[in-house]
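Asks: Have a look at the structure that comes next, please.
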Amino acid sequence: MLTAPHIRLAADIGGTFTDVVLDVDGTRSSRKVLTTPAAPEDGMLYGMELALQDAGLMFSDVATIVHGTTLATNAIIERRGAVTALVGTEGFRDILDIGTESRFSQYDLMLVKPSPLAPRERRYSLPERIDATGKVQQPLDEAAVHALAQTLADDGIEAVAICFLHAYRNPEHEIRAGEILRAALPGVSITLSHEVCPEVREYERASTAVANAYVQPLMSGYLGRMADQLRTRQFRGATYLVTSGGGLTSLETAQQYPVRLVESGPAGGAIFAAQVAMQAEAGNVVSFDMGGTTAKICLIENGEPATSRVFEVDRTARFMKGSGLPLRIPVIEMVEIGAGGGSIAHLDSMGQIAVGPESASSVPGPAAYDRGGDRPTVTDSDVVLGLISPEGFANGTMTLRPDLSRAALSRDVGDALGLTPEHAAHAIYEMVCENMASAARMHAAECGVALDGATMIAFGGAAPLHAARLAEKTQVTRILIPANAGVGSAVGFLTAPVAYEITRSRPMRLDETFDAPALTEMFAEMRAQARALVEPGAQGAPLFERIVGYMRYQGQGHEIAVEMPAEGLDAEALRAVRAAFETEYERQFARALPNAGIEAITWSVLVSTHPSRPDPAGPAGTGTAPEPVETRKFYDGRSKSFVDLPAYDRTALSAGGTISGPAVITEIETTTFVSSAFTAHVDGAGCIVLEKKEG
Numbered sequence: 017m018l019t020a021p022h023i024r025l026a027a028d029i030g031g032t033f034t035d036v037v038l039d040v041d042g043t044r045s046s047r048k049v050l051t052t053p054a055a056p057e058d059g060m061l062y063g064m065e066l067a068l069q070d071a072g073l074m075f076s077d078v079a080t081i082v083h084g085t086t087l088a089t090n091a092i093i094e095r096r097g098a099v100t101a102l103v104g105t106e107g108f109r110d111i112l113d114i115g116t117e118s119r120f121s122q123y124d125l126m127l128v129k130p131s132p133l134a135p136r137e138r139r140y141s142l143p144e145r146i147d148a149t150g151k152v153q154q155p156l157d158e159a160a161v162h163a164l165a166q167t168l169a170d171d172g173i174e175a176v177a178i179c180f181l182h183a184y185r186n187p188e189h190e191i192r193a194g195e196i197l198r199a200a201l202p203g204v205s206i207t208l209s210h211e212v213c214p215e216v217r218e219y220e221r222a223s224t225a226v227a228n229a230y231v232q233p234l235m236s237g238y239l240g241r242m243a244d245q246l247r248t249r250q251f252r253g254a255t256y257l258v259t260s261g262g263g264l265t266s267l268e269t270a271q272q273y274p275v276r277l278v279e280s281g282p283a284g285g286a287i288f289a290a291q292v293a294m295q296a297e298a299g300n301v302v303s304f305d306m307g308g309t310t311a312k313i314c315l316i317e318n319g320e321p322a323t324s325r326v327f328e329v330d331r332t333a334r335f336m337k338g339s340g341l342p343l344r345i346p347v348i349e350m351v352e353i354g355a356g357g358g359s360i361a362h363l364d365s366m367g368q369i370a371v372g373p374e375s376a377s378s379v380p381g382p383a384a385y386d387r388g389g390d391r392p393t394v395t396d397s398d399v400v401l402g403l404i405s406p407e408g409f410a411n412g413t414m415t416l417r418p419d420l421s422r423a424a425l426s427r428d429v430g431d432a433l434g435l436t437p438e439h440a441a442h443a444i445y446e447m448v449c450e451n452m453a454s455a456a457r458m459h460a461a462e463c464g465v466a467l468d469g470a471t472m473i474a475f476g477g478a479a480p481l482h483a484a485r486l487a488e489k490t491q492v493t494r495i496l497i498p499a500n501a502g503v504g505s506a507v508g509f510l511t512a513p514v515a516y517e518i519t520r521s522r523p524m525r526l527d528e529t530f531d532a533p534a535l536t537e538m539f540a541e542m543r544a545q546a547r548a549l550v551e552p553g554a555q556g557a558p559l560f561e562r563i564v565g566y567m568r569y570q571g572q573g574h575e576i577a578v579e580m581p582a583e584g585l586d587a588e589a590l591r592a593v594r595a596a597f598e599t600e601y602e603r604q605f606a607r608a609l610p611n612a613g614i615e616a617i618t619w620s621v622l623v624s625t626h627p628s629r630p631d632p633a634g635p636a637g638t639g640t641a642p643e644p645v646e647t648r649k650f651y652d653g654r655s656k657s658f659v660d661l662p663a664y665d666r667t668a669l670s671a672g673g674t675i676s677g678p679a680v681i682t683e684i685e686t687t688t689f690v691s692s693a694f695t696a697h698v699d700g701a702g703c704i705v706l707e708k709k710e711g
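Structure, rendered in structure tokens:
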């Protein structure tokens with residue numbers, strides 16, 4: 017008896033393109049369409065309709081839709097969120113301005129800090145006070161809350177973040193203030209800091225709560241419209257959103273905590289790269305994801321992307337920690353810069369070429385799109401260099417205009433510098449690659465990882481065009497371009513586990529004062545909360561739990577993660593935890609501190625389905641390279657002349673056949689540039705492998 021195929025859709029909404037992947041029992045097809053910024057769901061649904069039509073299917077046939085997006089991040093960066101107010105404890109109105117009192121650039125007299133999402137005139141305070149142990153020192157003045165509700169209404173506030181002092185320890189005042197404001201302001205979104213970020217450090221908690229409130233009306237409305245339109249198309253399956261930590265969560269949870277989606281699109285890319293790394297049995301990996309608006313770089317070790325509990329958005333100083341708005345959420349750690357295909361090139365105040373962070377996005381788009389954009393972008397440079405064929409762009413949905421690209425390059429860059437359009441394009445190509453190389457080198461240095469000897473996994477619509485030059489600049493000698501590289505993040509969504517992580521701060525020393533019963537009770541509450549969010553999506557699949565304590569030597573300012581036993585927190589277990597802390601501390605800082613007191617500040621409980629782990633790819637075998645499908649004219653900036661560039665069809669490549677650069681390998685989603693420093697072949701998993709030539 018034949019069984020119905022298991023059909024899934026994944027969609028990644030980026031700043032320029034929306035990528036859709038259709039998976040029918042493991043067989044994948046894709047579509048790439050322009051993002052529709054005014055109504056993002058329109059472009060996504062259009063791409064889904066095209067993918068389903070290609071396969072002769074309908075929405076009613078689909079079992080699961082998995083979705084990720086950078087819309088929350090873009091809304092913060094572009095300041096397109098709701099009119100947001102912060103309500104805090106009396107005397108703490110200026111926490112967003114004071115921050116941690118640190119300077120990310122100690123000696124910069126012109127230092128510019130990011131503007132708070134809730135400016136001072138929209139920050140309010142209320143009489144109340146809870147101490148660090150959770151004891152009420154001053155009751156909440158409910159009359160003041162009622163009076164504030166009228167003020168918020170008069171000021172046109174659309175979203176409110178409530179962040180009271182020590183609410184992570186005792187949230188009763190936040191809960192009550194939220195009840196009053198919700199009743200008085202039914203159309204206003206209310207965010208409570210203890211629900212979004214129940215952790216110590218008031219500035220980070222306030223910043224995270226404000227960011228959640230700022231994007232909640234936008235994201236909740238968009239996700240609600242998407243769900244309504246899916247229902248009208250007879251979709252009856254399950255819908256999941258990808259979180260910044262790489263897990264799947266429900267539509268309802270995403271609407272309530274949209275701040276957890278700020279890096280959902282890039283997180284899918286990191287998951288995709290981790291899967292490829294496991295197939296290739298590559299231990300030390302740097303993933304390179306370059307789309308239409310940004311480039312993302314993530315370090316992956318033994319199939320596991322690096323993770324963090326703090327993410328900065330809207331940095332005012334490129335690459336510099338502390339220059340952005342901190343969001344305290346579980347996140348896959350990566351560095352992100354404004355270097356995508358749509359990044360605009362221009363001359364800075366010193367007359368030097370600069371690229372990004374401003375992007376032409378999908379509207380109006382690069383000049384070559386002929387959609388109203390007239391400023392030169394990285395894509396325009398790639399077109400003029402001969403790396404991108406004007407015909408069949410974006411799955412054959414667009415024909416590009418090289419003449420418009422040349423005109424934009426001449427007007428905004430070339431004429432002022434005395435360069436031809438082609439040489440201006442080469443200069444922009446070099447500049448964007450150098451920007452990405454600088455970001456990769458700094459990120460690797462911060463993480464204590466060497467890039468030389470690492471394997472680069474490149475994906476996203478623009479990454480395969482720039483990966484070889486980026487590798488040359490960072491001393492990487494091996495690059496993998498996986499199948500479906502142009503829609504890699506969307507493919508990653510399909511392998512993400514259903515997961516949710518709960519964090520809570522409960523400072524506790526690992527000595528005779530350790531309160532095991534209280535901690536066990538808290539773990540049980542956190543486990544139940546996480547399971548309630550995960551079990552409906554898991555649909556009976558086995559779950560695992562991971563409990564982590566974030567610990568430090570007493571008096572230190574930051575913590576390291578130590579895995580904890582879920583049960584049986586007796587003296588023997590504590591000795592094992594202390595030994596694990598000292599081992600990890602010594603690994604990171606070269607020596608432990610004998611007999612020093614240890615304290616745990618924050619605890620996390622992760623509940624997740626088991627992530628898929630692909631089998632290692634088989635040997636590549638032997639084969640021969642096919643004949644090129646065409647020969648293009650490529651502008652070589654080093655010799656300042658055009659050279660012949662053979663173009664190969666990826667579908668015609670057989671495992672083992674070797675191509676010597678320079679060459680390009682084309683497919684419907686992207687194009688891979690094999691520079692003269694590399695050779696290329698296809699491995700047993702279908703990845704294009706670029707390897708540095710000897711000498």
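Sequential numbering of the sequence shown, starting at 17, is according to our numbering.
Note that beta-carbon positions come from the ideal geometry of N, C-alpha and C, so glycine has one too.
None of the values given here were measured: they were computed from a predicted structure.
1) From the DSSP output, in three-state form, read off A71 for me.
2) Exposed or buried, which one is S397 when buried takes at least 16 other CB atoms within 10 Å?
3) Closer than 8 Å is the cut-off here; do at least three beta carbon pairs connect the stretch 506-518 with the stretch 263-277?
4) Taking the alpha-carbon positions, what's the S132 to V326 distance?
5) State the Cα-Cα distance for the pair T19 and A79, rounded to the nearest angstrom.
6) Determine the burial state of E713: buried for a count of at least 16 other Cβ atoms within 10 Å of its Cβ, exposed for fewer.
7) Tell me which residue opens and which closes the alpha helix (DSSP H) that G315 is part of.
8) Quick check on the DSSP output: the beta strand (DSSP E) that includes L267 runs from which residue to which?
9) Nearest to A696 by alpha carbon, out of G504, A546 and A483?
10) With DSSP run on the structure shown, which of helix, strand or coil describes C703?
11) So S359 is in the beta strand (DSSP E); what residue range does that whole segment cover?
12) Pick helix, strand or coil for A229, following the three-state DSSP scheme.
13) Hey, how far is the Cα of D35 from the Cα of E158?
14) Would you mind sorting R252 into buried or exposed? The rule is 16 or more other CB atoms within 10 Å of its CB.
15) Which residue comes first and which comes last in the alpha helix (DSSP H) that contains M126?
16) Exposed or buried, what is F560 when buried is set at 16 or more other beta-carbons lying within 10 Å of its beta-carbon?
17) For the beta strand (DSSP E) containing I48, name the first residue and the last one.
18) Hey, out of V204, P274 and L234, whose CA is closest to A225's CA?
19) Quickly, what does DSSP pair V216 with across the bridge? List them, please.
20) Under the rule that 16 or more other beta-carbon atoms within 10 Å means buried, what is T86, buried or exposed?
21) Taking C-beta to C-beta, are A183 and S141 nearer than 8 Å?
22) Taking 6 Å as the limit between beta carbons, can you name the residues of its chain near I81, skipping five residues before and five after?
23) Might you give, ordered along the chain, the residues of its own chain that have their beta carbon closer than 7 Å to the beta carbon of V371, omitting 5 neighbours on each side?
24) Taking the straight line between their C-alpha atoms, what separation do you get for P523 and A616?
25) Please specify which runs of the alpha helix (DSSP H), each continuous and at least 4 residues long, are wholly inside the stretch 269-305, giving them in chain order.
26) Taking its Cβ as the centre, do 16 or more other Cβ atoms sit within 10 Å of S118, making it buried, or is it exposed?
27) Are the beta-carbon atoms belonging to D389 and P382 less than 8 Å from one another?
28) Report the CB separation of V12 from P437 in whole angstroms; it is logged as a contact under 8 Å.
29) Comparing alpha-carbon positions, which option in Q295, A534, A296 and I353 lies nearest V309?
30) Might you give, ordered along the chain, the residues of its own chain that have their beta carbon closer than 8 Å to the beta carbon of T674, omitting 5 neighbours on each side?
31) Quick one: residues in its chain with C-beta nearer than 7 Å to the C-beta of Q545, no 5 flanking neighbours on either side, listed in chain order?
32) Nearest-angstrom Cα distance between R525 and A88?
33) Hey, T688 and I704 are a contact pair by Cβ (cut 8 Å); roughly how many whole angstroms apart?
34) Apply the 10 Å Cβ neighbour rule to E14 and answer buried if 16 or more other Cβ atoms are within range, or exposed otherwise.
35) Check whether the Cβ atoms of A753 and I348 lie closer than 8 Å to each other.
36) Identify, in the order they occur along the chain, each residue of the same chain with its Cβ nearer than 8 Å to the Cβ of L363, setting aside the five sequence neighbours on each side.
Replies: Looking at the atomic coordinates:
1) Start at 1 with the first residue of the sequence shown, and residue 71 comes out as number 55. In the structure shown, A71 sits in a helix (DSSP, three-state: H, G or I).
2) Taking the first residue of the sequence shown as position 1, residue 397 is located at position 381. So S397 ends up on the buried side.
3) Yes, the stretch 506-518 is in contact with the stretch 263-277.
4) Counted from its first residue, the sequence shown places residue 132 at position 116. Counted from its first residue, the sequence shown places residue 326 at position 310. The sequence as given places Pro at residue 132; Ser does not occur at that position. If you take the alpha carbons of P132 and V326, they lie about 17 Å apart.
5) Within the sequence shown, residue 19 is the residue found at index 3, counting from 1. Within the sequence shown, residue 79 is the residue found at index 63, counting from 1. Note that T19 scores a pLDDT of 43, beneath 50, so its modelled location is shaky; the value from the coordinates is reported in the next line. Those two C-alpha atoms are separated by around 14 Å.
6) Nothing can be reported for residue 713, as the shown portion of the chain is limited to 17 through 711.
7) Counting from 1 along the sequence shown, the entry for residue 315 is found at position 299. First, the residue type needs correcting, since residue 315 is Leu and not Gly in the sequence shown. Unbroken run through L315 is the beta strand (DSSP E), A311 to E317; no alpha helix (DSSP H).
8) For the purposes of this step, residue 267 is taken as the residue at position 251 of the sequence shown. Premise fails: L267 lies in the alpha helix (DSSP H), L267 to Q272, not in any beta strand (DSSP E).
9) As a working mapping, residue 696 is identified with position 680 in the sequence shown. With distances taken between Cα atoms, A696 lies closest to A483.
10) As a working note, residue 703 is residue 687 in the sequence shown. It is coil, neither helix nor strand.
11) Translated into the one-based positions of the sequence shown, residue 359 becomes position 343. Run containing S359: S359 to L363, per the beta strand (DSSP E) assignment.
12) Mapped onto the sequence shown, residue 229 falls at position 213. Three-state DSSP puts A229 in a helix.
13) For this step, residue 35 is matched to residue 19 along the sequence shown. For this step, residue 158 is matched to residue 142 along the sequence shown. Taken atom to atom, the span from the alpha-carbon of D35 to that of E158 is near 49 Å.
14) Here the question's residue 252 lines up with position 236 in the sequence shown. Burial call: exposed.
15) For the purposes of this step, residue 126 is taken as residue 110 along the sequence shown, with counting starting at 1. Careful: M126 lies outside any alpha helix (DSSP H) and carries neither H nor E.
16) In the sequence shown, residue 560 corresponds to position 544, counting from 1. That one is exposed.
17) Walking along the sequence shown from the start, residue 48 turns up at place 32. The question names Ile, but residue 48 in the sequence shown is Lys. Looking at the DSSP string, the run of the beta strand (DSSP E) that includes K48 is T43 to L50.
18) Counted from its first residue, the sequence shown places residue 225 at position 209. For the residues V204, P274 and L234, the minimum Cα distance to A225 belongs to P274.
19) As a position in the sequence shown, residue 216 is number 200, starting the count at 1. DSSP output for V216 lists no bridge partner at all.
20) The residue labelled residue 86 in the question sits at position 70 within the sequence shown. By the 10 Å Cβ count, T86 comes out buried.
21) On the sequence shown, residue 183 is found 167 positions in, with the first residue counted as 1. On the sequence shown, residue 141 is found 125 positions in, with the first residue counted as 1. Cβ distance not < 8 Å, so A183 and S141 don't count as in contact.
22) As a working mapping, residue 81 is identified with position 65 in the sequence shown. Within the same chain, I81 has close Cβ partners L25 and T255.
23) On the sequence shown, residue 371 is found 355 positions in, with the first residue counted as 1. Same-chain partners within the cutoff: A355, S359, A361, V394, I444, M447, V448 and N451.
24) Indexing the sequence shown from 1 puts residue 523 at position 507. Indexing the sequence shown from 1 puts residue 616 at position 600. Their Cα atoms are separated by approximately 6 Å.
25) 280-296
26) Indexing the sequence shown from 1 puts residue 118 at position 102. Exposed: under 16 other Cβ atoms inside 10 Å.
27) As a first step, residue 389 is located in the sequence shown; it is residue number 373 there, counting from the start. As a first step, residue 382 is located in the sequence shown; it is residue number 366 there, counting from the start. Residue identity differs from the one stated: residue 389 is Gly in this sequence, not Asp. Yes.
28) For residue 12 there is no data in the structure shown, the boundaries of the chain being 17 and 711.
29) Here the question's residue 309 lines up with position 293 in the sequence shown. Per the sequence shown, the amino acid found at residue 309 is Thr instead of Val. Closest by alpha carbon: I353.
30) Here the question's residue 674 lines up with position 658 in the sequence shown. Once the five neighbours on either side are set aside, the close Cβ partners of T674 are A641, T695, A696 and H697.
31) As a working mapping, residue 545 is identified with position 529 in the sequence shown. Closer than 7 Å at the Cβ level, and outside the excluded window around Q545, lie I518.
32) The residue labelled residue 525 in the question sits at position 509 within the sequence shown. The residue labelled residue 88 in the question sits at position 72 within the sequence shown. Cα to Cα, R525 sits roughly 38 Å from A88.
33) As a position in the sequence shown, residue 688 is number 672, starting the count at 1. As a position in the sequence shown, residue 704 is number 688, starting the count at 1. That pair is a contact at about 6 Å.
34) Past the edges of the chain, shown from 17 to 711, lies residue 14, and the structure says nothing about it.
35) Residue 753 lies beyond the range of the chain shown here (17 to 711); nothing can be said about it.
36) As a first step, residue 363 is located in the sequence shown; it is residue number 347 there, counting from the start. The answer, listed in chain order, is I369, A370, D428, V429, A432 and L433.
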